[in-house]
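Q: Those protein sequences? They're chains A and B, same order as listed. If you count by my numbering, then the first sequence holds residues 1466 to 2209, one letter each, in order. If you count by my numbering, then the second sequence holds residues 31 to 190, one letter each, in order. By construction, the Cβ of each residue, glycine as well, lies at the ideal position given by its N, Cα and C atoms. These numbers were taken from a predicted model, which means no experiment stands behind them. My questions will all concern the structure given below.
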Amino acid sequence: MAKDEFNVHNLVGTRPDRPDGLDKVTGRARYGADISAPGMLWAAVVRSPHAHARILSIDTSKAEALEGVKAVVTRADFPTGLTGEDWNLQENTMAGDVALYDGHAVAAVAATSQLLANDAARLIEVEYEVLPHVIDVDDAIKPDAPAIRPGSADASVPEGMAPNVVRYMEFGHGDLEDGFAKADLVCEKSYKTEAAHQGYIEPHACMGQLGEDGKGEMWVCTQGQWFIRRMCSAVLGMETSQLRVTPSEIGGGFGGKTTIFMEPLSLALSRKAGGKPVKLVMSRAEVLRATGPTASASMDVKIGMTRDGTMTAARAEFRMQGGAFPGAPVDMALYCAFAPYKLPAVAHIGYDVLANRPKCAAYRAPGSPMGAFAVESLVDEMCRELGLDPIDVRLKNGVKSGDKSSYGPKFGSIGLTEVLEATKAHPNLAAPLGPNQGRGAAAGYWFNHGGETSVSMAISEDGTAQVSVGTPDIGGSRASIALMTAETLGIPYENVRVNVVETGALGVNEPTHGSRATFASGKAAVVAAEQAIGEMCRRAANEWGIDPEAVEWVDGAAQPAGPNAGKFPPMSIAEIAGKMGSTGGPISGHHEGNLDGVGASFGTHVVDVEVDPETGRTTILRYLVVQDAGRAIHPSYVEGQYQGGAAQGIGWALNEEYVYDDQGRLANPVFLDYRVPVASDLPMIDTVIVEVPNPGHPFGVRGVGETGITPPLPAIANAIQHATGARLRHLPMTPAKVLAALKG
Amino acid sequence: MTKVHVTTTVNGDPVEFLADPRETLLDSLRNSLGLTGSKEGCGTGDCGACSVTMNGTLVCSCLVLGVEAEGAQIETIEGMGGDTQLHPLQRKFVEHAALQCGFCTPGILVAAKKLLEENANPTETEIRYWLAGNLCRCTGYDKIIRAVQDAAAEMRGEAA
């Protein structure tokens, strides 16, 4: 089904206005908090001020007595007996016997106004017994650390490990000792990254309604309405199909909106308030204290290299905390860490560790940036020591299509070599550098993902088309799916409307995650369009009285497939559609499946920095992203993903971190103190789209969203060393840390 | 708390609403007047998603009380341009793909419009510092800056 064979497209690769553009520049696009309903109540959540505390009692009587308060819920209002990840989700939604982190929900209230709900929340009295807490991953993994949730280790953890280790893994291949023995230089260093938040500008928001009849509705900003449905119904003990979830427009997610946080609370409050809809909107402080940041990591890496730059062996040991629940992405960090390199011998060891912090959520290429920070920093350090060019060393050791990956599976078609060559050829690498300026490069990797996908499309009576997808449009995917559908049908882009639909309209879809929306919903939309084309060819064949196989589809019309098929003028899609009612009824197509054929994506970034020797402040002077897109369906939004990923990586590298006080309370839960990059922090971000088509997608798409956040962390550390001679191995590289490193 | 009757002008239209003395102008706009184009991203004046102009001054409406709007002239994203007569900034933001999720977009458009009223030919650096109070987490700002530059050029009559 490859449509990319000849690389000649009318629409794919063009840059039309996105279909939802007008809604989003006029303010009428409706996001999570932009809805209201008759009889709606407003909710507020009471949260633990302690990092770790036993809940001795909760007195809700004063709140309930306040006029206008319609419902109060605590954990006692939720079903018991959940197990596994459902239990983790419920436990995170609302604390049970123990509050596990600063900001953990303890109670919630619904009232007739937001201000009243806030007042009522303040009247709820919670008595706590404060317990010892642990924040840092290296402290949490100690044998004598406070045990956060005894018994939550899974079967992978050997006997005798520290109490907060909940998952353990080791894997690799080759003879490590032999590999290191063959090296001329063996280096081993330790690195740390701190927790960063996805930082979407839209706080979590929903409106839930749940009646005594067990039927529920939810409007919510989410990357995945079916995930919300499944998780909420599990946490509340509902039948999944009785909850209908409609996704709002979404104000950013980056992985952080693929799970639930407070959504079940609105449903629980609604049920208790007699089925009235309940709107629940988080404050920014709630977002930072209680929704998934990423994990923090402590990592040891050892690499062997010969004098000519050949890597002979590598070993990584990563310890990551993902909050008070299992799920730090240590596995994916390890899979990605050495992915750019062909290694004869490699070993990976990983620990998933609990700490008294919020439950981590996915954040753009979960795990990969941390591993890349460690590995790509060390590779650069070794290149410097051996006097080798870092891009050449990556070309020398870089994986090619068909190679066995560092983590096991063989790569399909990949474009790392093409990416590295394009990087070398870019003019930024020849730009002159002044005093206190330096240049750093690094590679990055993400698998990309296909996943559970269900799409339907239908031809309308006038020959235009509608496509129903289950992947919320987080950055232009309506445009890319419309382009591919229109290209397949041979009709104008404007004649296709792509709708992101609610859970009642399609089979189960995974969220917009794993860089999959354009890959998976796009691939399914093409299959659905081909089904419709087949049906339209049959309708034309019937009318012409010829065999359906003798009809082909060209430029939006059915026509006889050759001179022997008969002489009929082309029958356009509008003509066929206009009479579908009398030729057999609706014309549509659909596709469901676990979509495979995913294409992995490599990228390299090159950054030029200037470090102020007096303040330690790092300024980004120049920034280049080169990444394999497979095929850029709408190049502007591909560039946007590259630029956005780079900006988030720059923030993680230089500014962003969760800062805790000695009581384990988050000290910077506002944007003033959790400082994401602003416009004046950044230069223009140059991009090069490399296109090595993915044979597993009809147009060659790989998925482009995630790889780009991976290289900035090490690339900037490498540039700072180039500028100053100082090597920073602990993020973020704040002015204070850089200054301390400069002073030796 | 007893609500206060507020009479004001929003996007040229006279409006009235009742405001709790503790409620922000952003809440009044969104919840009393149904103007949900202005967004709350932080509630502390750090993100700029709620940017409006009040008597010609660019403000974060989350840092203004609803009752302070009495007698004022308020301009929000909803007053910037309709479908048939978009402001050049709105058009250029779509053309340049200067939005991904679109949540910060209303505030950035309101802020950028005010910039171009004060400075018809801003440099890249001037645009970056003017918009430093408007957080965007999706785009890395590159396409936003280009869209503002292009709109400014068109408004100066320089565009192709």
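Pull up the CB-CB distance for A/Val1743 and A/Gly1673, whole angstroms please, since I reckon it's below 8 Å.
A: The beta carbons of A/Val1743 and A/Gly1673 sit about 6 Å from each other, so the pair counts as a contact at 8 Å.
Q: What would DSSP say about A/Arg2167, mapped onto helix, strand or coil?
A: coil
Q: Check whether the Cβ atoms of B/Ser91 and B/Leu119 sit closer than 8 Å, and answer yes or no.
A: no
Q: Between the segment 1765-1776 of chain A and the segment 1734-1743 of chain A, are three or more C-beta pairs nearer than 8 Å?
A: No, the segment 1765-1776 of chain A does not touch the segment 1734-1743 of chain A.
Q: Can you confirm whether A/Gln1414, when its beta carbon is compared against all beta carbons of chain B, has any partner nearer than 8 Å?
A: Outside the displayed range of chain A (1466 to 2209) lies residue 1414 of chain A, so it cannot be described from this structure.
Q: Going by DSSP, what residue range makes up the beta strand (DSSP E) through B/Gln28?
A: Residue 28 of chain B lies beyond the stretch modelled for chain B, which goes from 31 to 190, so this question has no answer here.
Q: Closer than 9 Å, Cβ to any Cβ of chain B: which residues of the segment 1646-1673 of chain A, in chain order?
A: Gln1663, Gly1664, Tyr1665, Ile1666, Glu1667 and Pro1668
Q: Look at the Cβ atom of B/Ile134, then the Cβ atom of B/Ala79, and state whether they are nearer than 8 Å.
A: Here residue 134 of chain B is Cys; the residue named in the question, Ile, does not match the sequence. Contact: yes.
Q: Using only alpha-carbon positions, find the residue among A/Ser2145, A/Trp2117, A/Thr2199 and A/Gly2161 that is nearest to A/Ala1762.
A: A/Trp2117
Q: Are the Cβ atoms of A/Ser1866 and A/Glu2171 separated by less than 8 Å?
A: no
Q: From the beta carbon of B/Lys173, is the nearest beta carbon of chain A less than 8 Å away?
A: yes
Q: In this structure, how does DSSP classify A/Ser1713 when only helix, strand and coil are distinguished?
A: coil
Q: Among A/Ala1570, A/Asn1629 and A/Pro1976, which residue has its Cα nearest to the Cα of A/Ile1598?
A: Correcting the residue identity first, residue 1598 of chain A is His in this sequence and not Ile. Nearest to A/His1598 by alpha-carbon distance, out of A/Ala1570, A/Asn1629 and A/Pro1976, is A/Asn1629.
Q: If you draw a straight line from the alpha carbon of B/Arg176 to that of A/Met2149, how long is it in whole angstroms?
A: 9 Å
Q: With 8 Å set as the bound, which would you pick, yes or no: does the beta-carbon of A/Lys2208 sit closer than that to a beta-carbon of chain B?
A: no
Q: Applying a beta-carbon distance threshold of less than 9 Å, which residues of chain A neighbour B/Cys80?
A: Within 9 Å Cβ-Cβ: nothing; B/Cys80 doesn't reach chain A, min ~11 Å.
Q: Mind checking which residues open and close the beta strand (DSSP E) that includes A/Gln2106?
A: From DSSP, A/Gln2106 is part of no beta strand (DSSP E) but of the alpha helix (DSSP H) over Pro2100 to Leu2119.
Q: Quick check: the segment 2134-2151 of chain A against the segment 1825-1843 of chain A, are there 3 or more CB pairs under 8 Å?
A: Cβ pair count under 8 Å is below three, so no.
Q: Assuming B/Lys122 is part of the alpha helix (DSSP H), what are its boundary residues?
A: Pro118 to Glu125
Q: Please report the straight-line C-alpha distance between A/Glu2079 and A/Asn1901, rounded to a whole angstrom.
A: 11 Å
Q: Taking 8 Å as the CB-CB cut-off, is A/Thr1491 touching chain B?
A: With 8 Å as the cut-off, A/Thr1491 counts as an interface residue toward chain B.
Q: Among the candidates A/His2195, A/Gly1909, A/Phe1803 and A/Ala1830, whose CA atom is the shortest distance from the CA of A/Lys1869?
A: The closest CA to that of A/Lys1869, considering only A/His2195, A/Gly1909, A/Phe1803 and A/Ala1830, is found on A/Phe1803.
Q: Tell me A/Thr2048's beta-bridge partners as DSSP assigns them.
A: According to DSSP, which records beta bridges pairwise, A/Thr2048 is partnered with nothing at all.
Q: According to a CB-to-CB cut-off of less than 8 Å, which residues of the segment 101-116 of chain B neighbour chain A?
A: Of all residues in the segment 101-116 of chain B, Thr106, Ile107, Glu108, Met110, Gly111, Gly112, Asp113 and Leu116 have a Cβ within less than 8 Å of some Cβ in chain A.
Q: Excluding five sequence neighbours on each side, which residues of the same chain lie with their C-beta closer than 6 Å to the C-beta of B/Val178?
A: Ala142 and Ile157
Q: Can you tell me the Cα-Cα spacing of A/Ala1798 and A/Gly1721, whole angstroms?
A: Spanning the two alpha carbons is a distance of roughly 17 Å.
Q: Identify the continuous alpha helix (DSSP H) that holds A/Gln2092 and give its terminal residues.
A: A/Gln2092 -> not in any alpha helix (DSSP H); beta strand (DSSP E) instead, spanning Thr2083 to Asp2093.
Q: I want to verify the contact list: residues of chain A whose CB lies under 7 Å from the CB of B/Gly170, in sequence order.
A: Gln2108, Gly2109, Ala2111, Ala2112, Leu2147 and Ile2150
Q: Would you verify that the beta carbon of A/Thr2080 is, or is not, closer than 8 Å to some beta carbon of chain B?
A: no
Q: My output table needs one value for A/Phe1803: the three-state DSSP class, helix, strand or coil.
A: coil
Q: Would you kindly work out how many angstroms separate the C-alpha atoms of A/Val1490 and B/Leu139, rounded to a whole number?
A: 8 Å
Q: Are any of the Cβ atoms in chain A nearer than 8 Å to that of B/Ala127?
A: yes
Q: Using the beta-carbon of each residue, which ones in chain A are nearer than 8 Å to B/Gly73?
A: Ser1748 and Arg1749
Q: Please work out which residues of its chain come closer than 8 Å, Cβ to Cβ, to A/Met2045, disregarding the five sequence neighbours upstream and downstream, and give them in chain order.
A: Excluding sequence neighbours, A/Met2045 sits near Ile1924, Glu1926, Arg2004, Pro2051 and Ile2052.
Q: Give the C-beta separation of A/Ala1789 and A/Tyr1593 to the nearest angstrom, bearing in mind that I take them to be a contact with Cβ-Cβ under 8 Å.
A: Contact doesn't hold; Cβ gap of about 16 Å is too wide.
Q: DSSP three-state label for A/Pro1758, please.
A: strand
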